[in-house]
Amino acid sequence: MAKCVMVLYPDPVDGYPSKYARDNIPVIQRYPDGSTVPTPSNIDFTPGHLLGCVSGALGLRKLFEDAGHQLVVTSDKDGSDSEFERELVDAHIVISQPFWPAYLTKERIAKAPNLRLALTAGIGSDHVDLEAAKKHGITVVEVTYSNSISVAEHAVMQILNLVRNFVPSHRWSTEGGWNIADCVERAYDLEGMDVGVIAAGRIGRAVLRRLAPFDVNLHYTDTHRLPLQVEKELNVTFHAGVESLVRSVDVVSIHSPLYEATRQMFNERLLGTMRRGSYIVNTARGEETVPEAIAAALRSGQLAGYAGDVWYPQPPPVEHPWRTMPNNAMTPHVSGTTLSAQARYAAGTREILESWFAAKPILQEYLIVEGGQLAGTGALSYQK
Ligand code: NDP
Numbered sequence: 562m563a564k565c566v567m568v569l570y571p572d573p574v575d576g577y578p579s580k581y582a583r584d585n586i587p588v589i590q591r592y593p594d595g596s597t598v599p600t601p602s603n604i605d606f607t608p609g610h611l612l613g614c615v616s617g618a619l620g621l622r623k624l625f626e627d628a629g630h631q632l633v634v635t636s637d638k639d640g641s642d643s644e645f646e647r648e649l650v651d652a653h654i655v656i657s658q659p660f661w662p663a664y665l666t667k668e669r670i671a672k673a674p675n676l677r678l679a680l681t682a683g684i685g686s687d688h689v690d691l692e693a694a695k696k697h698g699i700t701v702v703e704v705t706y707s708n709s710i711s712v713a714e715h716a717v718m719q720i721l722n723l724v725r726n727f728v729p730s731h732r733w734s735t736e737g738g739w740n741i742a743d744c745v746e747r748a749y750d751l752e753g754m755d756v757g758v759i760a761a762g763r764i765g766r767a768v769l770r771r772l773a774p775f776d777v778n779l780h781y782t783d784t785h786r787l788p789l790q791v792e793k794e795l796n797v798t799f800h801a802g803v804e805s806l807v808r809s810v811d812v813v814s815i816h817s818p819l820y821e822a823t824r825q826m827f828n829e830r831l832l833g834t835m836r837r838g839s840y841i842v843n844t845a846r847g848e849e850t851v852p853e854a855i856a857a858a859l860r861s862g863q864l865a866g867y868a869g870d871v872w873y874p875q876p877p878p879v880e881h882p883w884r885t886m887p888n889n890a891m892t893p894h895v896s897g898t899t900l901s902a903q904a905r906y907a908a909g910t911r912e913i914l915e916s917w918f919a920a921k922p923i924l925q926e927y928l929i930v931e932g933g934q935l936a937g938t939g940a941l942s943y944q945k
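The letter at position 55 of the sequence shown is residue 616 when you use the working numbering, and the numbering goes up by one with no holes.
Written out as structure tokens, the structure is:
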């Protein structure tokens, strides 16, 4: 019998939904690269229902019960007296989502001698100390591609949101005003602007594709260059480094994984090299920036706007500078956990568990760490 601790975000404040805004979600069969979406042997949930919260349990309760495994589902994840830390000591599997990350630090890993599998229901396993996972023989996996398009849509929305000054304009309308001048004194068209993405992986490429019809000048940087044919098709300019990219654009969208090379990349120095009045959208990871430097750049006008959904830590404290800095359009970490995305990553989580319980190999694209080293997608994403 295996013990699994699943750390999920709390249910809605009004309780688990009894009905939804829509009756169904579109059926997506393939990802943009042609690969199929997750194909577990079965699912025990209704696609389009809320799965990522404690009561939703990723639709996996029955799978664990039928197989006689122990499942603990909790949202209580921080601090040494949290339910997560108490239950971790004899757990074999931990499942967590980046939106409400169960931080698997080296100290916590040292307290969990039975731990063999750390599964991210979503993408981005930087909440796991990968070095400690390697050392302790823990396999780390995530559901690659499951929510890439969800995040790309959010990034495009937030770019438009900032440039067109949506949030303050919406506020004027809900507060009973009709203050056109107040709404438009910071509003621009995106058309004709220089827009750059940092990392043209699954999400970054999808952002480039979605922005191309806006008649903007596209730029990107990445550790590897896109095929020439794709560069031509999107009419996108390659930059060898972040410095060159940020100097050349009005809008930056960040899509790089978090590791040593990208940690605190957007610091005071780099922000100072950007065009005055630049916009940054960050749906990658909060720690790729220095939060105080972002807030200061917004206050000075060096940045015209900052939006995104990723913070550190998560949830952030009430006094986090990003909650109150000017001209921000932040949301909690939601871009990758739409009801549409949840159906895919819940199915992918089940697919991984089915392989794990049957002692079958896990798909290479889901692997981050295996056998004491970076593997699969992890070997591509988390090293220079
Ligand atoms: P991919 O692995 O498809 O793409 C990552 C890309 O980043 C690769 O092309 C890689 O290059 C490139 N890269 C790595 N290091 C650097 C660097 N130092 N500078 C520039 N580029 C670099 O990942 P995804 O697109 O699926 O996801 C990207 C990130 O987005 C995730 O790591 C995660 O942190 C975040 N994310 C956020 C979500 C949210 O809900 N907000 C949900 C999902 C993901 P190459 O492989 O060519 O070397």
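Where is the CB? At the ideal position from N, CA and C, for every residue including glycine.
Sequence-distant residues of its chain with Cβ nearer than 6 Å to Lys667 (five each side left out): Asp690 and Ala693
For Ile1014, the nearest candidate out of Arg669, Asn888 and Arg911 (CA to CA): This structure leaves residue 1014 out entirely; the chain is present only between 562 and 945.
Span separating the alpha-carbon of Ser636 from that of Leu665: 14 Å
Reference Pro608; option with closest CA among Val650, Arg905 and Asn796: Arg905
Burial state of Glu849, where buried means 16 or more other Cβ atoms lie within 10 Å: buried
Classification of Leu570 by the beta-carbon crowding that lies within 10 angstroms, buried from 16 upward: Strictly speaking, residue 570 in this sequence is Tyr, with Leu absent from that position. So Tyr570 counts as buried.
Which of helix, strand or coil DSSP assigns to Gly802: coil
Span of the alpha helix (DSSP H) around Gly909: Leu900 to Phe918
Val756 to Tyr592 span [Cα, whole Å]: 25 Å
Endpoints, alpha helix (DSSP H) assigned at Val724: Ser709 to Val724
Beta strand (DSSP E) runs contained entirely in the segment 719 to 799, provided each spans 3 or more residues: 755 to 759 and 778 to 782
Terminal residues of the beta strand (DSSP E) in which Ala865 lies: Leu864 to Gly869
Residue range of the unbroken alpha helix (DSSP H) whose run includes Glu692: Leu691 to Lys696
Start-to-end residues for the beta strand (DSSP E) that takes in Ile586: No beta strand (DSSP E) contains Ile586, which DSSP labels as neither H nor E.
The segment 768 to 784 in contact with the segment 738 to 755 per 3-pair CB rule at 8 Å: yes
Residues bridged to Ile841 [DSSP beta-bridge criterion]: Val813 and Tyr867
Straight-line Cα distance separating Thr834 from Ser709: 29 Å
Counterpart residues of Glu931 in DSSP-defined beta bridges: Gln934
CA-to-CA distance, His731 to Val895, given in whole angstroms: 20 Å
Glu880 in three-state terms, based on DSSP: coil
As assigned by DSSP and simplified to three states, the class of Val574: coil
Distance cut-off 7 Å: Asp690 Cβ against heavy atoms of ligand 1: no
Supposed contact pair Asn675 and His697 - C-beta distance, whole angstroms, cut 8 Å: So it is not a contact: roughly 10 Å between Cβ atoms.
Straight-line gap, Arg808 to Arg836 (C-alpha atoms, nearest Å): 6 Å
Local Cβ density within 10 Å of Asp811, reported as buried at 16 or more and exposed below that: buried
Span separating the alpha-carbon of Gly932 from that of Leu864: 44 Å
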